[in-house]
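Undergrad:
In mature numbering (1 follows the signal peptide of the UniProt record, and there is no 0), the protein residues as written are -36 to -1, 1 to 93.
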């Protein structure tokens, strides 16, 4: 008996999980553009550099998610994309949270590690195909 792990939207060949990842990537890229504008025009030099780094990672990974998610086939590739999303949210979110909410950046290394792991898992999945 075959168990379905992903629900498909009627009339669409892309699963809900992959659509959610693609949408999250697009939203992340949009937020990154806004963050970069703030970093460039409203933040001071030190904060601008930190927020610019957060925006760069958020934009790059948002773009990757939006592009890769619709075609991601298999649990390994989809799992890699979830790792990328979690990683960039922790990394960029930690840097932005430090500026806007005076939070610690201690989750940034965890986010960076998850991004590295996500790309390694994606590479392994690509080599398996």
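Idealized CB from N, CA, C, for every residue including glycine.
Any idea if residue 65 is buried or exposed, counting beta-carbon neighbours within 10 angstroms, 16 or more meaning buried?
TA: The count along the chain shown starts at 1 and reaches residue 65 at position 101. Exposed, by the Cβ-count rule.
Undergrad: So residue 19 packs on residue -10, CB below 8 Å; how close in whole Å?
TA: As a working mapping, residue 19 is identified with position 55 in the chain shown. As a working mapping, residue -10 is identified with position 27 in the chain shown. Actually they do not touch by this definition, with Cβ atoms about 14 Å apart.
Undergrad: Hey, could you find the ends of the alpha helix (DSSP H) residue 77 is sitting in?
TA: Reading the chain shown from its first residue, position 113 is the one you call residue 77. Residues 72 to 92.
Undergrad: Can you give the Cα-Cα distance for residue 3 and residue 11, rounded to whole angstroms?
TA: By one-based count along the chain shown, residue 3 stands at place 39. By one-based count along the chain shown, residue 11 stands at place 47. One C-alpha to the other measures close to 7 Å.
Undergrad: How is the alpha helix (DSSP H) around residue 66 delimited, first residue to last?
TA: Residue numbering aside, residue 66 sits at position 102 when the chain shown is read from its first letter. Counting along the chain, residue 66 falls outside any alpha helix (DSSP H), and DSSP gives it neither H nor E.
Undergrad: Helix, strand or coil for residue 51? Go by DSSP, reduced to three states.
TA: Mapped onto the chain shown, residue 51 falls at position 87. Helix, per DSSP.
Undergrad: Using a Cβ distance threshold of 8 Å, determine whether the stretch -22 to -8 contacts the stretch 20 to 31, with at least three qualifying pairs required.
TA: yes
Undergrad: Just tell me which of 42, 46, 13 and 8 has its CA closest to the CA of residue 59.
TA: As a working mapping, residue 59 is identified with position 95 in the chain shown. That would be 13, whose Cα lies nearest to the Cα of residue 59.
Undergrad: With a threshold of 8 Å, are at least 3 pairs of Cβ atoms found where one atom belongs to the stretch 65 to 83 and the other to the stretch 32 to 41?
TA: no
Undergrad: Give me the Cα-Cα distance between residue 86 and residue 53, rounded to the nearest whole angstrom.
TA: Position 122 of the chain shown, counted from the first residue, corresponds to residue 86. Position 89 of the chain shown, counted from the first residue, corresponds to residue 53. Going from the Cα of residue 86 to the Cα of residue 53 covers about 18 Å.
Undergrad: Residue 56 to residue 7, Cα distance in whole Å?
TA: One-based indexing of the chain shown puts residue 56 at position 92. One-based indexing of the chain shown puts residue 7 at position 43. Distance between the alpha carbons of residue 56 and residue 7: 16 Å.
Undergrad: Residue -26 to residue 70, Cα distance in whole Å?
TA: In the chain shown, the residue the question calls residue -26 occupies position 11. In the chain shown, the residue the question calls residue 70 occupies position 106. With a pLDDT of 46 at residue -26, under the threshold of 50, the modelled position of this residue cannot be trusted, and the question is left open.
Undergrad: Rounding to the nearest angstrom, what Cα-Cα distance links residue 89 and residue 40 in this structure?
TA: What you label residue 89 is simply residue 125 of the chain shown in a count that begins at 1. What you label residue 40 is simply residue 76 of the chain shown in a count that begins at 1. The straight-line gap from Cα to Cα measures roughly 6 Å.
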